[in-house]
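Residue numbers (this note's numbering), protein chains in the order written: chain X, 59 to 334; chain B, 59 to 334. What follows is a single structure, written as structure tokens, with notes after it.
Number of protein chains: 2
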Amino acid sequence: MKVGIVGLGLMGGSFALALRACYDDVEILGYDHNDQHCIEALETHIVDKITDELEDFADLDLIVLAIPVDGIVAVTQKLTFLSEKTTVMDFGSTKKVIIDAVPASIRKNFIAAHPMTGTEKSGPSAAFSDLYRGKVVVLCNVEESGEAQQKLAKKIFTDLGMKIFYMDAQEHDRHAAFISHMPHAMSYALANAVMKQENPKAIIALAGGGFRDMSRIAKSSPNMWTDVFRQNRDNLILAIECFKGELERCETLVAQERWDELYNWMEKANDLHRIL
Amino acid sequence: MKVGIVGLGLMGGSFALALRACYDDVEILGYDHNDQHCIEALETHIVDKITDELEDFADLDLIVLAIPVDGIVAVTQKLTFLSEKTTVMDFGSTKKVIIDAVPASIRKNFIAAHPMTGTEKSGPSAAFSDLYRGKVVVLCNVEESGEAQQKLAKKIFTDLGMKIFYMDAQEHDRHAAFISHMPHAMSYALANAVMKQENPKAIIALAGGGFRDMSRIAKSSPNMWTDVFRQNRDNLILAIECFKGELERCETLVAQERWDELYNWMEKANDLHRIL
């Protein structure tokens with residue numbers, strides 16, 4: 059299988075490593091604006107070759123777009139030279155804006171995928187072959203993709219040990235705002251709230267596991283997340299408003315010393331873990 | 059060393075196991091309102107004996123109060139029969155209310171400690187001997203404790219591989235509100251915000267590592283945390299207000315499409331991890 063990967067960071071790099079671990083016959087061509095990433099990806103055998111011409115991707119079986127979501131929109135505009143057989147998948151955290159932007163002439167080539175995995179780290183050095191194993195991948199609006207493309211995507215994600223969910227792009231974006239985008243806003247806000255205090259070092263010295271967990275994703279790339287927030291603006295604002303409502307509920311119960319109601323509010327939150 | 063442990067849950071149980079792993083000559087007497095906890099603690103050799111009379115603790119070397127913070131206040135009132143040599147330590151997440159409540163006659167016996175560790179689990183079955191290793195413990199207002207008590211506490215925490223910080227109780231409570239109490243409020247609020255949506259199961263099915271981390275401490279005991287929020291009410295409200303200010307800043311930048319400023323705001327949050 060001939061594969062092209064656009065974006066040789068954590069997601070793209072790990073996907074390349076996962077494909078290599080899964081299949082014998084994988085040949086990987088890489089593309090990245092960052093020269094250092096290209097060098098590292100060659101050195102660590104994430105890719106076999108590097109190109110700086112997207113046209114070199116014309117005859118590949120599979121192209122993976124593992125770059126920030128605005129980049130995905132930009133690159134898909136340039137892929138109109140693709141042959142019918144090629145499958146293009148994007149790994150963006152938003153889906154509606156991306157799908158709407160795919161040129162009609164390559165819409166059948168396109169699979170809109172969102173693998174629900176990642177770490178707070180970035181770059182090819184953060185890549186590892188097990189990033190996708192056991193994780194969920196959401197495929198959106200697959201009925202608009204070609205049959206061969208649907209089949210290939212399903213085969214690859216299954217072979218990599220992923221659990222596939224099918225979803226409408228709008229529904230995905232609403233859910234993703236709650237489960238991923240808004241929690242990133244929370245984590246960034248927590249980090250900034252602490253850093254603004256008089257003596258952040260003295261506060262942070264006391265960090266236990268709870269704070270480490272809550273602030274971990276505040277390490278995430280501003281580049282990637284500014285794009286996500288822009289593309290999923292309305293859903294994000296809605297999710298922040300819902301969350302703020304709950305936090306203000308807590309604050310009110312504390313301020314008004316309504317301890318029994320606070321207890322019940324916390325107990326209701328415990329319920330999440332009966333589902334999760 | 060003869061040790062009494064009040065509260066045979068995660069914290070008390072793990073401390074017993076840690077002492078046993080560290081010293082040869084430890085004899086542990088346990089006390090817990092929950093009969094099932096007492097049985098489990100005996101079965102798993104967390105304690106050697108169980109008592110339901112606090113008076114049996116009169117001649118011990120060390121008493122550890124590993125119970126919710128309101129319980130700590132209540133129990134300390136009953137410990138006025140202690141001999142001069144005994145050291146009493148509490149492991150509560152708040153310090154000022156507890157220290158203020160210690161009867162003057164046993165103030166020298168008392169060490170106010172806050173080990174910055176834990177998990178979202180509870181009960182003796184969650185206990186493990188390494189819970190304290192490598193973690194921070196904050197000791198507050200130690201100058202009010204007896205010299206023998208200070209020495210014993212310092213020796214034990216050092217022997218267990220902990221890093222000791224000394225702090226004024228008020229300063230501790232302010233810092234703890236930011237680093238621990240408010241993040242718990244955030245996590246509970248996140249869980250409740252998601253659970254209130256139309257189809258929480260469909261949302262939660264998409265949970266990746268970020269959401270799992272952000273919602274983990276929403277599993278925590280409402281019993282324990284209602285007490286903490288009550289005892290640290292003012293600092294908690296202040297911390298929630300600071301956090302809300304940052305979250306609203308994010309929301310405004312998104313709503314007004316001020317993407318460059320959003321990028322900078324995220325980049326500032328990244329700074330936390332240069333300290334953490």
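Every residue gets a Cβ at the ideal spot worked out from N, C-alpha and C, and that includes glycine. Bear in mind that the values here come from a model prediction, so they are computed numbers and not experimental data.
Any beta carbon of chain X sitting closer than 9 Å to that of residue i?
i, result
"asparagine 322(B)", "yes"
"threonine 102(B)", "no"
"glutamine 289(B)", "no"
"alanine 234(B)", "yes"
"cysteine 308(B)", "yes"
"aspartate 329(B)", "yes"
"lysine 107(B)", "no"
"tyrosine 246(B)", "yes"
"glycine 192(B)", "no"
"lysine 326(B)", "yes"
"isoleucine 97(B)", "no"
"phenylalanine 139(B)", "no"
Going by DSSP, what residue range makes up the beta strand (DSSP E) through residue i?
i, result
"proline 173(B)", "168-173"
"methionine 147(B)", "145-148"
Once DSSP output is grouped into helix, strand and coil, what is the label at residue i?
i, result
"leucine 120(X)", "strand"
"valine 133(X)", "helix"
"glutamate 309(B)", "helix"
"tyrosine 190(X)", "coil"
"valine 196(B)", "strand"
"isoleucine 125(B)", "coil"
"isoleucine 104(X)", "coil"
"phenylalanine 294(B)", "The residue you asked about is not phenylalanine; residue 294(B) is leucine in the sequence shown. It is helical."
"glutamine 314(B)", "coil"
"arginine 165(B)", "coil"
"glutamine 208(X)", "helix"
"glycine 181(B)", "coil"
"glycine 303(X)", "helix"
"lysine 213(B)", "helix"
Among the candidates the options, whose CA atom is the shortest distance from the CA of residue i?
i, options, result
"glutamate 201(B)", "Ile157(B), Leu120(B), Gly192(B), Ala185(B)", "Ile157(B)"
"glycine 150(X)", "Leu296(X), Asn290(X), Ala327(X)", "Asn290(X)"
"alanine 206(X)", "Thr144(X), Ala249(X), Thr134(X)", "Thr144(X)"
"tyrosine 224(B)", "Ala263(X), Met59(X), Ala234(X)", "Ala263(X)"
"aspartate 93(X)", "Cys80(X), Gly67(X), Ala76(X), Glu113(X)", "Gly67(X)"
"glutamate 319(X)", "Cys308(X), Asp329(X), Asn328(X)", "Cys308(X)"
"isoleucine 125(X)", "Leu100(X), His95(X), Phe139(X)", "His95(X)"
"threonine 134(B)", "Asp117(B), Ala235(B), Ile108(B), Ser163(B)", "Ser163(B)"
"isoleucine 130(B)", "Gly219(B), Asp90(B), Asp106(B), Ala184(B)", "Asp90(B)"
Does chain B have any CB closer than 9 Å to the CB of residue i?
i, result
"asparagine 167(X)", "no"
"serine 278(X)", "yes"
"serine 183(X)", "no"
"proline 241(X)", "yes"
"cysteine 300(X)", "yes"
"leucine 120(X)", "no"
"lysine 154(X)", "no"
"glutamine 228(X)", "no"
"isoleucine 275(X)", "yes"
"leucine 334(X)", "yes"
"serine 180(X)", "no"
The alpha helix (DSSP H) with residue i in it runs from where to where?
i, result
"isoleucine 156(B)", "154-159"
"glycine 88(B)", "Segment 85-89 is the beta strand (DSSP E) holding glycine 88(B); no alpha helix (DSSP H) there."
"glutamate 71(X)", "Reading the sequence as shown, one finds glycine at residue 71(X) and not glutamate. 68-80 is the extent of the alpha helix (DSSP H) around glycine 71(X)."
"valine 64(B)", "Premise fails: valine 64(B) lies in the beta strand (DSSP E), 60-64, not in any alpha helix (DSSP H)."
"aspartate 271(B)", "267-274"
"phenylalanine 287(B)", "280-289"
"glutamate 142(B)", "Unbroken run through glutamate 142(B): none, as it is neither H nor E."
"asparagine 322(B)", "317-328"
"alanine 260(B)", "258-262"
Which chain A residues sit within Cβ distance under 7 Å of residue i?
i, result
"serine 203(B)", "Note that chain A does not occur in the displayed structure, where the protein chains are X and B."
Practice task
For the stretch 216-251 of chain B, list the beta strand (DSSP E) runs that are entirely contained and at least 3 residues long, ordered along the chain.
Solution key: Qualifying beta strand (DSSP E) stretches, in chain order: 221-225.
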